[in-house]
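There are 2 protein chains.
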Amino acid sequence: MAYWTGWLCNCVNRVSTPDMIGEFDLITEFFSSHSAGRQDIVLGIGDDAAVLRPAPGDDLVVSTDTLCQGTHFTEDMPAHALGYRALAVNLSDMAAMGAEPLWCTLALSLPGVDRAWLAGFSSGFFQLARQFDVALVGGDTVCAPLATTVTIHGRAGPDASVLRSGAQAGDGIFITGHPGDALAGRKILENDPAIIPAHFPDRPVAANDELLPELIDRFLYPRPRVSEGRSLAGIASAMIDISDGLHADLVKLLSASGTGALLDAGHLPVSESLVQWAGRSEAVHFALSGGDDYELCFTVPPGAEKQLCEQTAAWQCTVTRIGTVTSEAAVRWQQDGRPLPVDDAGYDHFGGGADA
Amino acid sequence: MAYWTGWLCNCVNRVSTPDMIGEFDLITEFFSSHSAGRQDIVLGIGDDAAVLRPAPGDDLVVSTDTLCQGTHFTEDMPAHALGYRALAVNLSDMAAMGAEPLWCTLALSLPGVDRAWLAGFSSGFFQLARQFDVALVGGDTVCAPLATTVTIHGRAGPDASVLRSGAQAGDGIFITGHPGDALAGRKILENDPAIIPAHFPDRPVAANDELLPELIDRFLYPRPRVSEGRSLAGIASAMIDISDGLHADLVKLLSASGTGALLDAGHLPVSESLVQWAGRSEAVHFALSGGDDYELCFTVPPGAEKQLCEQTAAWQCTVTRIGTVTSEAAVRWQQDGRPLPVDDAGYDHFGGGADA
């Protein structure tokens, strides 16, 4: 989940005006450039979260993410899944910083008061809040088109926050879980929203095709890698979560670090379900460009790989080495020993999706 | 500015559904009741802000407010004034807690990219941010109808936060500034938006009627009483900021304290401009029920009134004693020695306005 680094891309794509400028220039011109000043800011705009220092040794990690109907989800999104997601995408930001999530606020924009919908939404939200011991401490609600904005607060990891900017040539590049599944699930739902029962209980009911529930579940219920992220503080040299697509988000990490990478698409941990549903070639495509995965991509110095192995033994998700950081700025993928061209479009490559 | 205490009132009023319930019940049923748990929460949902305790002696004060076009402002609102207001309403929450504002995040929902609008918005936002040394540390932006959500973080006052719940019988009731002016300014603009020049420079240009600019300015540019609020930590027994109307917000404070009040409308500090524009009787009405003032209403124990006098000598705004806290739960206004009936509707009494 980007934190003011990928915003407005959908907006810019959709709106044609003589004043149209890129989102990065826009942030710089109107916001970042005015935001200097305080000495208690360790890290401001531009990473997965801000790092603030109210007192020495007590870093506070803060992130805000908005989800809007039409941009980040369709009207078919079950209330339970939306409540879950509103918090999940913010937890994923904490994970990407190696931080412990503590508290959040919720700004909820509703077109009307629907008790059944609110029951589903709050049930999904608090299911995840309880799981990660995150407290909702306040918020605001207004009558407007459906949207959620969650601001989450966390405590920095024991060895400080893991930023995007710390990767060095020679570091290994790793990814958790199975990228691409979430996009497949999204596409299945877009083609047939009726797969989700009208009165959504808790999890999507199994469709006839036994591949579908797993892929749909990966889209509707991304697992924020919070404990994994926290255990990487002090081990990973750089980290980002994958919301806009593995390649696009990895490019952000490498760019922030002033490095490049050599990667092998043959090592991508595509799931069996994705391969069966999409075919192997398309599965790699999904893994490289699909958004909404909320897996962690991180780099580890060679001297820390043993420590990484010890940590990952306790993880509930897979972790896969997919390449190596290089000093040359280019990001080069190969497959079967041949160069594999990959563009930078990320999730928009598929013509829709999230910018947050 | 209420913090999940007055939300959705516009929504409930506008939307008719079989499931319609009051906003307080809705918050309790779907959100507050799930939000217990952590030991590091001093104060959760229900005051002007949450109070969190990452470490002893280091309380963090957090508040979130959303402003939506159509609910909180009209399309005539100049971008500069909206940028100013987006931060001002949150600063007012910090003021009401006696806290020092430090950092904020901004979630900005835009229908499109308009550089002139963004220049005005950011100019208004950062004018106030610089004035109060508040840093913008991150945010998110999406393409959707115009709305802003600011989450602000502050440090609790030297004598801890001032809550709504501390008023005791015998305490004096005070208010800063001139309540009612903002609503008058809003009504003037609603009747004649052309008073604001199309290319709004910085402040509204004077209209022919010399009363108007002051009242309009009070609506467009409310002054958050941050330094006044901070100086009241350790003096005021309870405090709230006036966003929904003096009477309505005072009722919230007294209700949280389990007390009532006897108040004299003849002591209300209505401005000369308001009296000239509306007449004295209507001016009192505006002062009691008008929203958007963002003045502070607070209570002070008899033993601390001397200390209050010493503090207010340095203030840039007036402070007026308007009544006394009573043990009887009723909130009774009188004028010229006779009871003055006042209803609890607050800002909605005038058929529109803000719920946040």
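First to last, the protein sequences are chains A and B. When we follow the numbering used here, the leftmost residue of the first sequence carries the number 1, and every step to the right adds one. When we follow the numbering used here, the leftmost residue of the second sequence carries the number 357, and every step to the right adds one. Idealized CB from N, CA, C, for every residue including glycine. For clarity, every value in this text was computed on a predicted model and none was experimentally measured.
Provide the residue(s) that pair with residue i in DSSP beta bridges, ordered along the chain.
| i | result |
| --- | --- |
| Trp103 of chain A | A:Ala135 and A:His153 |
| Arg677 of chain B | B:Phe530 |
| Trp689 of chain B | B:Leu619 and B:Leu696 |
| Cys653 of chain B | B:Ile531 and B:Ile596 |
| Val62 of chain A | A:Ala50 and A:His153 |
| Val142 of chain A | A:Ser109 |
| Phe73 of chain A | A:Gln69 |
| Ile41 of chain A | A:Leu52 |
| Thr326 of chain A | A:Gly260 |
| Thr504 of chain B | B:Leu423 and B:Leu464 |
Buried or exposed: residue i, going by 16 or more other Cβ atoms within 10 Å of its Cβ?
| i | result |
| --- | --- |
| Ser63 of chain A | buried |
| Arg85 of chain A | buried |
| Asn10 of chain A | Residue placement at Asn10 of chain A is poorly supported in this model, since its pLDDT is 40, which falls under 50; the coordinates still yield a value, given next. Asn10 of chain A is buried by the Cβ-count criterion. |
| Gly303 of chain A | exposed |
| Glu456 of chain B | buried |
| Ala712 of chain B | Caution is warranted here: a pLDDT of 34 is assigned to Ala712 of chain B, below 50, making its placement in the model unreliable, and the coordinate value is therefore given only provisionally. So Ala712 of chain B ends up on the buried side. |
| Pro224 of chain A | buried |
| Asp381 of chain B | exposed |
| Ala49 of chain A | buried |
| Glu684 of chain B | exposed |
| Cys309 of chain A | exposed |
| Glu546 of chain B | exposed |
| Thr430 of chain B | exposed |
| Arg218 of chain A | buried |
| Pro695 of chain B | exposed |
| Ala96 of chain A | buried |
| Pro341 of chain A | exposed |
| Arg520 of chain B | buried |
Nearest CA to the CA of residue i: which residue from the options?
| i | options | result |
| --- | --- | --- |
| Thr176 of chain A | A:Cys317, A:Pro54 and A:Gly337 | A:Cys317 |
| Ser237 of chain A | A:Gly98, A:Ala116 and A:Glu272 | A:Gly98 |
| Leu652 of chain B | B:Thr680, B:Glu666 and B:Ile596 | B:Ile596 |
| Asp699 of chain B | B:Leu610, B:Val687 and B:Gly693 | B:Val687 |
| Gln39 of chain A | B:Asn547, B:Asp620 and B:Asp489 | B:Asp489 |
| Glu638 of chain B | B:Ala485, B:Gln524, B:Glu684 and B:Ala540 | B:Ala540 |
| Ala169 of chain A | A:Gly83, A:Gly70, A:Pro301 and A:Ala248 | A:Pro301 |
| Leu571 of chain B | B:Met450, B:Thr680 and B:Leu630 | B:Leu630 |
| Thr422 of chain B | B:Leu696, B:Asp449, B:Pro410 and B:Arg542 | B:Asp449 |
| Leu502 of chain B | B:Ser683, B:Cys424 and B:Thr680 | B:Cys424 |
| Phe286 of chain A | A:Leu246, A:Thr320, A:Lys252 and A:Gly166 | A:Leu246 |
| Thr676 of chain B | B:Ser611, B:Val626 and B:Val640 | B:Val626 |
| Ala463 of chain B | B:Pro578, B:Val498, B:Arg471 and B:Val398 | B:Val498 |
| Ile322 of chain A | A:Phe174, A:Glu310, A:Thr299 and A:Glu190 | A:Phe174 |
| Ser517 of chain B | B:Leu588, B:Tyr650, B:Gly439 and B:Ile508 | B:Leu588 |
| Thr680 of chain B | B:Pro578, B:Phe387, B:Phe386 and B:His623 | B:His623 |
| Arg130 of chain A | A:Ile45, A:Leu102, A:Trp117 and A:Asp114 | A:Leu102 |
| Leu484 of chain B | B:Lys662, B:Leu438, B:Ala669 and B:Arg542 | B:Leu438 |
| Ala314 of chain A | A:Gly229, A:Leu253 and A:Pro339 | A:Gly229 |
| Ile383 of chain B | A:Asp47, A:Ala96, A:Asp140 and A:Leu91 | A:Asp140 |
| Val226 of chain A | A:Ser109, A:Val89 and A:Gln307 | A:Val89 |
| Gln690 of chain B | B:Leu644, B:Ala634, B:Ala491 and B:Phe654 | B:Leu644 |
| Leu474 of chain B | A:Leu52, A:Lys187 and A:Phe30 | A:Phe30 |
| Leu447 of chain B | B:Val607, B:Thr682 and B:Thr507 | B:Thr507 |
| Lys543 of chain B | B:His436, B:Leu408 and B:Asp648 | B:Asp648 |
Pull up the CB-CB distance for residue i and residue j, whole angstroms please, since I reckon it's below 8 Å.
| i | j | result |
| --- | --- | --- |
| Gly413 of chain B | Pro514 of chain B | Their Cβ separation, rounded to whole angstroms, is 10 Å, which puts Gly413 of chain B and Pro514 of chain B out of contact at 8 Å. |
| Leu87 of chain A | Phe121 of chain A | Wrong, their Cβ atoms sit about 11 Å apart, outside the cutoff. |
| Asp59 of chain A | Ala156 of chain A | 4 Å |
| Asp249 of chain A | Ser257 of chain A | Between Ser257 of chain A and Asp249 of chain A the Cβ distance is about 13 Å, and since that is not below 8 Å, they are no contact. |
| Gly510 of chain B | Ile45 of chain A | No, Gly510 of chain B and Ile45 of chain A are not in contact; Cβ-Cβ is about 20 Å, not under 8 Å. |
| Gly290 of chain A | Gly172 of chain A | Between Gly172 of chain A and Gly290 of chain A the Cβ distance is about 23 Å, and since that is not below 8 Å, they are no contact. |
| Ala357 of chain A | Val284 of chain A | Residue 357 of chain A lies beyond the stretch modelled for chain A, which goes from 1 to 356, so this question has no answer here. |
Item to complete: Could you list the residues in the region 83-110 of chain A with a C-beta less than 9 Å from some C-beta on chain B, going in chain order?
Response: Leu102, Trp103, Thr105, Leu106, Ala107, Leu108, Ser109 and Leu110
Discussion item. Taking beta-carbon pairs under 9 Å, can you tell me which members of the region 213-239 of chain A lie near chain B?
Written reply: none
Worksheet item: Which residues, taken in chain order from the region 482-496 of chain B, show a beta carbon closer than 9 Å to some beta carbon of chain A?
Response: Phe482, Ala485, Arg486, Asp489, Val490, Ala491, Leu492, Val493, Gly494, Gly495 and Asp496
Item to complete: Closer than 8 Å, Cβ to Cβ, to anything on chain A: give me those residues from the region 505-520 of chain B, in chain order.
Response: Here the close residues are Thr505, Thr507, His509 and Arg511.
Worksheet item: If you measure beta-carbon to beta-carbon, which residues of the region 408-425 of chain B are closer than 7 Å to chain A?
Response: Leu408, Pro410, Ala411, Asp414, Leu416, Val418, Ser419, Thr420, Asp421, Thr422 and Cys424: these are the residues of the region 408-425 of chain B whose beta carbon lies less than 7 Å from some beta carbon of chain A, given in chain order.
Worksheet item: Mind listing which residues of the region 645-679 of chain B have their C-beta closer than 7 Å to chain A's C-betas, in chain order?
Response: none
Worksheet item: In the region 604-625 of chain B, which residues sit with their C-beta less than 8 Å from some C-beta in chain A, listed in chain order?
Response: Answer in chain order: no residues at all.
Worksheet item: Between the region 168-191 of chain A and chain B, which residues of the former have CB atoms less than 7 Å from a CB of the latter, in chain order?
Response: none
Worksheet item: Of all the residues that make up the region 39-51 of chain A, which are near chain B by a beta-carbon distance shorter than 9 Å?
Response: Residues are counted here when their Cβ sits less than 9 Å from a Cβ of chain B; for the region 39-51 of chain A these are Asp40, Ile41, Leu43, Gly44, Ile45, Gly46, Asp47, Ala49, Ala50 and Val51, given in chain order.
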